[in-house]
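Down below is the structure, laid out as structure tokens.
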Amino acid sequence: MKFLRYLLPLVLFLGLSALLASGLGKDPRVVPSPLVGKPAPAFDLPTLRDPARRAGSATLAGQPYLLNVWATWCVMCREEHDTLMSLSRSKLIPIVGLDWKDDHPSALAWLQQLGDPYTEIVSDDDGRVAIDFGVYGAPETFLVDAQGVIRHKFIGPLTPGIVERELKPRVAALRAGAK
Amino acid sequence: MMRRRACLLALLVLVQVACVPFAHAIDPLEFKDRAEEQRFQKLTRELRCLVCQNQDLADSDALLAKDLRREVFEMMRAGKSDGEIKAFMTQRYGDFVLYNPPVQANTWVLWFGPLVVLLLGAAVVVRVVRRRAGSATDTNDTTAAGVDEV
Numbered sequence: 002m003k004f005l006r007y008l009l010p011l012v013l014f015l016g017l018s019a020l021l022a023s024g025l026g027k028d029p030r031v032v033p034s035p036l037v038g039k040p041a042p043a044f045d046l047p048t049l050r051d052p053a054r055r056a057g058s059a060t061l062a063g064q065p066y067l068l069n070v071w072a073t074w075c076v077m078c079r080e081e082h083d084t085l086m087s088l089s090r091s092k093l094i095p096i097v098g099l100d101w102k103d104d105h106p107s108a109l110a111w112l113q114q115l116g117d118p119y120t121e122i123v124s125d126d127d128g129r130v131a132i133d134f135g136v137y138g139a140p141e142t143f144l145v146d147a148q149g150v151i152r153h154k155f156i157g158p159l160t161p162g163i164v165e166r167e168l169k170p171r172v173a174a175l176r177a178g179a180k
Numbered sequence: 021m022m023r024r025r026a027c028l029l030a031l032l033v034l035v036q037v038a039c040v041p042f043a044h045a046i047d048p049l050e051f052k053d054r055a056e057e058q059r060f061q062k063l064t065r066e067l068r069c070l071v072c073q074n075q076d077l078a079d080s081d082a083l084l085a086k087d088l089r090r091e092v093f094e095m096m097r098a099g100k101s102d103g104e105i106k107a108f109m110t111q112r113y114g115d116f117v118l119y120n121p122p123v124q125a126n127t128w129v130l131w132f133g134p135l136v137v138l139l140l141g142a143a144v145v146v147r148v149v150r151r152r153a154g155s156a157t158d159t160n161d162t163t164a165a166g167v168d169e170v
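So this is what it looks like as structure tokens:
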């Protein structure tokens, strides 16, 4: 019994160390979204390419898509762009762009220069739709299923590795579930 | 001399420009009265800016914080209660936006953990003190008491 009593501080210490160590590897910038598993907020916005036309959750319903929040003022979005281009070429899933509080001519110039991976782009000039989606820093990407439910949120730039490991299996699961 | 003066002027301009981003986050919001302004200040101090995580909405200069302040202001004008405004924020950004975390199942350890540790410590102290008092009165001549207490 006495032996156990001397061991107790060591056990407490190891327990506390394990608890603190588990927090070390976490990125404090990644805040889990309460919207995952819930229907995507309804939105209806003018499209970037033709501001007279509108698009939104109603026109996009019926098939899974990625909603990619980007802007020309966002440095990481530029880093992400190549991944979006190759993702678009692979025709895995349609990518819808939400151009967040951006200057329209710059956005169009960006797409002309770097390529356009989007099947549809809507302009969120006042940032209200981004707030509804709980966006706090571009780029963020939402995986929305055919029923309009948010299945996953990617915070930060997509990379080929993330596409391979985290996006492809999820899209495959969605397609398998739909059949 | 002229050159030096020009340099000084340029420096002054530079300093002023550099200081602009550090000015307080002030939006052109028109408050009806002092009470409304105080309510707005209190609310935005209780909400976290997720862009610069250790700043509240009232203090942050981030673009998003500005948008969210506008959102809070408009909800206040629309007659929403503080609870409704906070619910609007947590539905979108999660409990992390609240500086004052709610008491619920997943925060029990956070709220009551320190109290539990305090009680455990107090229990240990009480036990040690009692034993020491006991050993001091009836086993005055043994030295074992000193070894026991860790």
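Sequences listed follow chains U and R, in order. Residue numbers for the first sequence follow the numbering used here, so the first one is 2 and each next one is one higher. Residue numbers for the second sequence follow the numbering used here, so the first one is 21 and each next one is one higher. C-beta atoms are modelled at their ideal positions from N, C-alpha and C, and glycine is treated no differently. Fair warning: this is a prediction, and the values are worked out from it, not measured in the lab.
### Query
Is it right to say Trp128/R is buried, meaning 16 or more other beta carbons lie within 10 angstroms of its own, or is it exposed?
With a threshold of 16 other beta carbon atoms within 10 Å, Trp128/R falls short and is exposed.
### Within chain U, the residues that Val71/R reaches when beta carbons sit closer than 8 Å
Residues of chain U passing the Cβ test: Tyr137, Gly138.
### Query
Residues of chain R with CB under 9 Å from Pro35/U, in chain order?
For Pro35/U, the neighbours in chain R by C-beta distance under 9 Å run, in chain order, Thr110, Gln111, Arg112, Tyr113, Gly114, Asp115.
### Message
In chain order, what are the residue ranges of uninterrupted beta strand (DSSP E) at least 3 long that sit wholly in the segment 92-158 of chain U?
### Response
The qualifying runs are 96-101, 121-125, 141-145, 151-156.
### Message
Give me the chain R residues within the contact set of Asp133/U, using Cβ-Cβ distance strictly less than 7 Å, ordered along the chain.
### Response
Here the neighbours are Arg112.
### Query
Nearest to Met77/U by alpha carbon, out of Ala173/U, Arg166/U, Leu168/U, Ile156/U?
Looking at the Cα atoms, Ile156/U is the closest of the given residues.
### Message
Assuming Leu46/U is part of the beta strand (DSSP E), what are its boundary residues?
### Response
DSSP places Leu46/U inside the beta strand (DSSP E), whose first and last residues are 45-47.
### Message
Using C-beta distances below 7 Å, list every residue in its chain close to Trp111/U, excluding the 5 sequence neighbours before and after it, in chain order.
### Response
Taken in chain order, the residues that qualify are Thr73.
### Query
Under a Cβ-count criterion, where at least 16 other Cβ atoms within 10 Å of its own Cβ denotes burial, should Arg68/R be classed as buried or exposed?
Under this definition Arg68/R is a buried residue.
### Query
With C-beta atoms as the reference, is Leu70/R less than 8 Å away from Val32/U?
Yes, these two residues count as a Cβ contact at 8 Å.
### Task
Just tell me which of Arg55/U, Pro140/U, Arg166/U, Leu175/U has its CA closest to the CA of Asp146/U.
Comparing Cα-Cα distances from Asp146/U to each of Arg55/U, Pro140/U, Arg166/U, Leu175/U, the minimum goes to Leu175/U.
### Message
Below 8 Å on the Cβ atoms is my contact criterion, and I expect Pro161/U with Glu80/U to pass it. Report the Cβ-Cβ distance as a whole number of Å.
### Response
Their Cβ separation, rounded to whole angstroms, is 12 Å, which puts Pro161/U and Glu80/U out of contact at 8 Å.
### Member of Leu99/U, Ile94/U, Pro40/U whose CA lies at the smallest distance from the CA of Ala56/U
When only C-alpha atoms are compared, the closest one is Leu99/U.
### Message
Against chain U, with Cβ distances strictly below 8 Å, would Leu83/R count as a contact?
### Response
Yes, its Cβ sits closer than 8 Å to a Cβ of chain U.
### Task
For chain R, find out if any of its Cβ atoms is closer than 8 Å to the Cβ of Val150/U; answer yes or no.
Closer than 8 Å to the CB of Val150/U there is not a single CB belonging to chain R.
### Query
Applying a beta-carbon distance threshold of less than 9 Å, which residues of chain U neighbour Asp87/R?
Within 9 Å Cβ-Cβ: Lys102, Asp127, Gly128, Arg129, Ala131, Ile132.
#### Entry: Beta-carbon neighbours of Glu91/R, restricted to chain U and to distances below 7 Å
Within 7 Å of the CB of Glu91/R, the CB atoms of chain U belong to Ile132, in sequence order along the chain.
### Query
Is DSSP giving Gly141/R helix, strand or coil here?
For Gly141/R, the three-state secondary structure derived from DSSP is helix.
### Task
Give me the Cβ distance between Arg112/R and Ile122/U, rounded to the nearest whole Å; I'm assuming they're in contact under 8 Å.
So it is not a contact: roughly 22 Å between Cβ atoms.
### Query
Mind checking if Phe4/U is an interface residue toward chain R, Cβ cutoff 8 Å exclusive?
Any Cβ of chain R closer than 8 Å to the Cβ of Phe4/U would place that residue at the interface, and such an atom is absent.
### Task
With a 10 Å radius around its C-beta and 16 neighbouring C-beta atoms as the bar for buried, classify Pro41/R as buried or exposed.
In this prediction, Pro41/R scores a pLDDT of 44, lower than 50, which makes its location untrustworthy; no coordinate-derived value is stated.
### Message
Buried or exposed for Val97/U, going by 16 or more other Cβ atoms inside 10 Å?
### Response
Classification of Val97/U: buried, given that the 10 Å Cβ count is 16 or more.
### 8 Å Cβ cutoff, Pro29/U in contact with chain R
So yes, Pro29/U belongs to the interface.
### Task
Identify which residue in Ala78/R, Gly114/R, Leu84/R, Phe60/R has its Cα closest to the Cα of Ser101/R.
With respect to the C-alpha of Ser101/R, the residue from Ala78/R, Gly114/R, Leu84/R, Phe60/R having the closest C-alpha is Phe60/R.
#### Entry: Val70/U in three-state terms, based on DSSP
In this structure, Val70/U counts as strand in the three-state DSSP scheme.
### Message
Measuring straight from C-alpha to C-alpha, what distance separates Gly149/U and Leu17/U?
### Response
Each residue's CA atom was taken as its position, placing Gly149/U and Leu17/U some 42 Å apart.
### Task
Indicate whether at least one CB of chain R lies closer than 8 Å to the CB of Val76/U.
No, Val76/U does not count as interfacial toward chain R.
#### Entry: Beta-carbon proximity check, Trp101/U vs Gly128/U, cutoff 8 Å
Trp101/U places its beta carbon less than 8 Å from that of Gly128/U.
### Query
Within 8 Å (strictly less), CB to CB, does Arg152/R reach chain U?
Look at Arg152/R: its C-beta is not under 8 Å from any C-beta on chain U.
### Message
Spatial neighbours of Cys75/U within its chain, please: C-beta separation below 6 Å, excluding the five flanking residues on both sides.
### Response
Within the same chain, Cys75/U has close Cβ partners Ala139.
### Task
Could you pull out every residue in the same chain whose Cβ sits closer than 8 Å to the Cβ of Pro122/R, ignoring the five residues on either side in sequence?
Excluding positions up to five away in sequence, the list reads Asp115.
### Message
For the alpha helix (DSSP H) containing Ala177/U, name the first residue and the last one.
### Response
Unbroken alpha helix (DSSP H) run through Ala177/U: 169-179.
### Task
Rounded to whole angstroms, what's the CA-CA distance from His44/R to Ala98/R? Just pull it up for me.
Its pLDDT being 47, under 50, His44/R is placed unreliably by the model, and nothing is read from it.
### Task
Note down the Cα distance separating Asn69/U from Thr142/U, rounded to an integer number of angstroms.
When rounded, the distance between both Cα atoms is 4 Å.
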